[in-house]
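Q: Residue numbers (the working numbering): 8 to 377. I have a structure here, written as structure tokens, and I will follow up with some questions on it.
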Amino acid sequence: MQQSVPSSSQSPSQSPSQSPAQIQPESLRSERWGINLNHWYVVARSLELQAEPLGVTLWQQAIVLFRDAAGQIQAIEDRCLHRQVKLSHGKVVGDQIECSYHGWCFDGSGACAAVPYLNERQKLPSAKLRSYPVREQDGFVWLFPGDAAQANSAPPLGLPEWDHLNYIATVSLIDCQAHYSFLMENLMDMYHGHLHQDYQAWADPVLQDLEETPQRVDAHYQAQSYYKIDKIWSISQLFFPALRRLHPEPLDVSYIYPHWVATLGQDFKICCLVCPISETATRAYLIHFTSLNAFDNLHKLPISFRRFLKNRLFGSAQRILDGLVEQDMLMIEEEQQAYLQNPQRQSHELNRAITSVQRLIRQQVQQGKL
Ligand code: FES
Ligand SMILES: [Fe+2]
Numbered sequence: 008m009q010q011s012v013p014s015s016s017q018s019p020s021q022s023p024s025q026s027p028a029q030i031q032p033e034s035l036r037s038e039r040w041g042i043n044l045n046h047w048y049v050v051a052r053s054l055e056l057q058a059e060p061l062g063v064t065l066w067q068q069a070i071v072l073f074r075d076a077a078g079q080i081q082a083i084e085d086r087c088l089h090r091q092v093k094l095s096h097g098k099v100v101g102d103q104i105e106c107s108y109h110g111w112c113f114d115g116s117g118a119c120a121a122v123p124y125l126n127e128r129q130k131l132p133s134a135k136l137r138s139y140p141v142r143e144q145d146g147f148v149w150l151f152p153g154d155a156a157q158a159n160s161a162p163p164l165g166l167p168e169w170d171h172l173n174y175i176a177t178v179s180l181i182d183c184q185a186h187y188s189f190l191m192e193n194l195m196d197m198y199h200g201h202l203h204q205d206y207q208a209w210a211d212p213v214l215q216d217l218e219e220t221p222q223r224v225d226a227h228y229q230a231q232s233y234y235k236i237d238k239i240w241s242i243s244q245l246f247f248p249a250l251r252r253l254h255p256e257p258l259d260v261s262y263i264y265p266h267w268v269a270t271l272g273q274d275f276k277i278c279c280l281v282c283p284i285s286e287t288a289t290r291a292y293l294i295h296f297t298s299l300n301a302f303d304n305l306h307k308l309p310i311s312f313r314r315f316l317k318n319r320l321f322g323s324a325q326r327i328l329d330g331l332v333e334q335d336m337l338m339i340e341e342e343q344q345a346y347l348q349n350p351q352r353q354s355h356e357l358n359r360a361i362t363s364v365q366r367l368i369r370q371q372v373q374q375g376k377l
């Protein structure tokens, strides 16, 4: 059921974003330190996983990823059954991963498939390592760390722009020492454009409407955009701030648990694909797409040229995106530190979207316990 909170429900003296009476005091932060593991999380980019195994951590679980002989990704616990060392320090042999210490081999189901010095009176250990549902989709490796029986009930969040020829992508890695909730609150609160100065993509946001379900929060802001991609040279606005002109655009941001998606007018889409590591550490990929939909003539060109252009322009917004991430991370890590130093201190929040984010996280944490 969708709970919609239209702006018309506000009294005239209250702006939609500043209605303290409607803000429920944040309950104990400790309630939101959890997570619902029954979702698809992103643990790596596809290109990070080549012939060598890759060790990742998802909510304190050490996991090794490797490609089998057919190139399919396998994901199992990153520990050898023998003496608990990391399998990710080993190597891939055919469809198996071989431990670097004594050479025991494990397949993608987590079973021990070979021990090099097993004699005829000995059997392979019957214990198995945990294996995880894993998929490669839209340039990323998606992993389901919860109840594997639920993995097929909801697919990973789609990223159709990744392969679409009309979108230019830029990827920035977020690696921050903070709980994922601080990151999501930052991403859903468009009033923090104040922080970004030269990197700012939007201005003058006003929260217009907020929709909330147990699965997602959609916040609709009206804002001014600094960018307009309507001429082929408009891309240069990504490099030269002086070329930017403010104009009104809708700014829609959505927390689709556990990930985040935003659009600024027709020209930009940004996603944040999350890999929570622990209660105080989060990795995530911020992916910025610039749309070339406005260029009809471009679409008449050969596919091979359009693909060349897409690949050539990959990373066009790198400086801006990395700059935004650096500024945000400083604030997010300071919030985490301030909380650790004084967990009882209350924050004073005026943006209703943040209250919705906190409520969604609490609901998801509860749902994950069922
Ligand atoms: S610790 Fe892995 S084979 Fe011995
Ligand atoms: Fe930001």
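We put the beta carbon where it would ideally sit given N, CA and C, even for glycine.
Given that a residue counts as buried once 16 or more other Cβ atoms are within 10 Å of its Cβ, and exposed if not, what is residue 293?
A: Looking up residue 293 in the sequence shown gives position 286. Looking at its Cβ environment, which holds 16 or more other Cβ atoms inside 10 Å, residue 293 is buried.
Q: Does the beta-carbon of residue 331, which I'm using as the reference point, lie nearer than 6 Å to any heavy atom of ligand 2?
A: By one-based count along the sequence shown, residue 331 stands at place 324. The answer is yes for residue 331.
Q: Count the other C-beta atoms from every protein chain shown that fall within 10 angstroms of the C-beta of residue 319, then say buried if there are 16 or more, exposed otherwise.
A: On the sequence shown, residue 319 is found 312 positions in, with the first residue counted as 1. It counts as exposed.
Q: On a CA-only basis, which of 358, 202, 83, 337 is nearest residue 104? Give me that one, please.
A: Against the sequence shown, residue 104 aligns to sequence position 97. Considering only alpha carbons, the answer is 83.
Q: Taking the C-alpha atoms as reference points, what is the distance between residue 155 and residue 267?
A: Reading the sequence shown from its first residue, position 148 is the one you call residue 155. Reading the sequence shown from its first residue, position 260 is the one you call residue 267. About 23 Å.
Q: Which ranges would you report for the alpha helix (DSSP H) in the region 141-224 if only whole runs of at least 4 residues count?
A: Segments of the alpha helix (DSSP H) lying fully in the region 141-224: 187-195.
Q: Where does residue 259 fall in DSSP's three states?
A: Looking up residue 259 in the sequence shown gives position 252. If DSSP states are grouped into helix, strand and coil, residue 259 belongs with the strands.
Q: Short of 8 Å in beta carbon distance, which residues of its chain neighbour residue 284, apart from the five on each side in sequence? Order them along the chain.
A: For the purposes of this step, residue 284 is taken as residue 277 along the sequence shown, with counting starting at 1. Cβ within range, chain order: 64, 65, 66, 67, 290.
Q: Considering residue 131, what are the terminal residues of the alpha helix (DSSP H) in which it resides?
A: Taking the sequence shown and counting its residues from 1, the one referred to as residue 131 is at position 124. No alpha helix (DSSP H) holds residue 131; DSSP gives it neither H nor E.
Q: Taking the alpha carbon of residue 360 as the point to measure from, which residue in 125, 111, 341, 194 has its own alpha carbon closest?
A: Counting from one through the sequence shown, the residue named residue 360 turns up at place 353. Out of 125, 111, 341, 194, 194 has the C-alpha closest to the C-alpha of residue 360.
Q: Got a sec: does ligand 2 put a non-hydrogen atom nearer than 6 Å to the Cβ of residue 335?
A: Here residue 335 refers to the residue found at position 328 when the sequence shown is read from its first residue. Yes.
Q: Should the region 72-82 be called in touch with the region 311-326, which here means at least 3 C-beta pairs below 8 Å?
A: Output reads no: the region 311-326 does not touch the region 72-82.
Q: Could you tell me the distance, in whole angstroms, from the CA atom of residue 121 to the CA atom of residue 110?
A: For this step, residue 121 is matched to residue 114 along the sequence shown. For this step, residue 110 is matched to residue 103 along the sequence shown. Using only the alpha carbons, I get a separation of about 8 Å.
Q: Do you know offhand how far residue 179's Cα is from residue 286's?
A: Translated into the one-based positions of the sequence shown, residue 179 becomes position 172. Translated into the one-based positions of the sequence shown, residue 286 becomes position 279. Their backbone Cα atoms lie some 22 Å apart in a straight line.
Q: Short check: CB of residue 330 to CB of residue 45, under 7 Å?
A: Within the sequence shown, residue 330 is the residue found at index 323, counting from 1. Within the sequence shown, residue 45 is the residue found at index 38, counting from 1. Not in contact: residue 330 and residue 45 (Cβ atoms no closer than 7 Å).
Q: How many Å lie between residue 42 and residue 324 at the Cα?
A: Counted from its first residue, the sequence shown places residue 42 at position 35. Counted from its first residue, the sequence shown places residue 324 at position 317. When rounded, the distance between both Cα atoms is 31 Å.
Q: In three-state DSSP terms, what is residue 122?
A: The sequence position of residue 122 within the sequence shown is 115, counting from 1. Note: residue 122 maps to coil in three-state DSSP.
Q: Which ranges does the beta strand (DSSP E) cover as unbroken runs of at least 3 residues, wholly within the region 51-102, from first to last along the chain?
A: Within the region 51-102, the complete beta strand (DSSP E) runs of at least 3 residues are 61-65, 68-74, 80-84, 98-100.
Q: The alpha helix (DSSP H) spanning residue 366 covers which residue range?
A: Working through the sequence shown from its first residue, we reach residue 366 at position 359. Here the alpha helix (DSSP H) through residue 366 covers 359-376.
Q: Hey, how far is the Cα of residue 301 from the Cα of residue 74?
A: Position 294 of the sequence shown, counted from the first residue, corresponds to residue 301. Position 67 of the sequence shown, counted from the first residue, corresponds to residue 74. In a straight line, the C-alpha of residue 301 is about 39 Å away from that of residue 74.
Q: Could you check if residue 125 is buried or exposed, using at least 16 other CB atoms within 10 Å of its CB as the buried criterion?
A: One-based indexing of the sequence shown puts residue 125 at position 118. Classification of residue 125: exposed, given that the 10 Å Cβ count is below 16.
Q: With distances taken from each beta carbon to the nearest heavy atom of ligand 1, which residues come in below 5 Å, in chain order?
A: Residues with a Cβ closer than 5 Å to any heavy atom of ligand 1, in chain order: 87, 89, 90, 92, 106, 108, 109, 111.
Q: Check for me: the alpha helix (DSSP H) holding residue 312 runs from which residue to which?
A: Position 305 of the sequence shown, counted from the first residue, corresponds to residue 312. Note, residue 312: alpha helix (DSSP H), 310-320.
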